[in-house]
Amino acid sequence: MGKRPDMNGLWTGWYDYTGFSDPVPFTAWFDDVDGRLSGTMLEPNTFAEDALEDLEAQISGERGGLVISFDKTYCPDQGAHGLPIRYEGHADSDFEMVVGEWHFELGGYGSGRFQLSRASRGL
């Protein structure tokens, strides 16, 4: 059986901020139902309440062919901002890697690059 061309499963990755050298690692779980994406992202806390080791965010977006776009919104009970962050990228033909750029939907708060690598496929 061949690989499904979708985002279902566990992914590891990183994002960076334009002008800064240290990337932020993260893991993400994607559910891909006919190109509609949902899921959860977990990353080290780099800016919210000091007591939190990790930050969780919800993912919502779409996939059209090899083009991936989704919004990441941090869960509000963590002391993190609630501004949607847009991720837009392209998957390789095997859906094992996605590379692209991110930016705040409202602009002006930062932007950078990201990369996702598949860790495992969903059921």
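First residue of the sequence shown? That's 41 in this note's numbering, and the numbers climb one at a time after it. Ideal Cβ placement from N, Cα and C applies to all residues, glycine included. Remember, predicted model here, so these are calculated numbers, not experimental data.
Leaving aside the five residues that flank GLU93 on each side, the residues in its chain whose CB is nearer than 8 Å to its CB run, in chain order, PRO84, ASN85. The beta strand (DSSP E) runs lying completely inside the stretch 81–146 and spanning 3 residues or more are 94–104, 107–114, 125–131, 137–144, given in chain order. Assigned with DSSP and collapsed to three states, TYR149 falls in coil, not helix or strand.
Taken through DSSP and simplified to helix, strand or coil, ASP62 comes out as coil. Counted as a single uninterrupted DSSP element, the beta strand (DSSP E) harbouring TYR55 occupies residues 49–55.
Beta-bridge pairing by DSSP links ALA68 to TRP51, MET81. Taking C-beta atoms as the reference points, GLY150 and PHE144 count as a pair closer than 8 Å.
The three-state reading of DSSP puts ARG161 in strand, counting E and B together.
Under the three-state reduction of DSSP, ARG44 is assigned to coil, being neither helix nor strand. When rounded, the separation of the alpha-carbon atoms in LEU146 and GLU136 is 30 Å.
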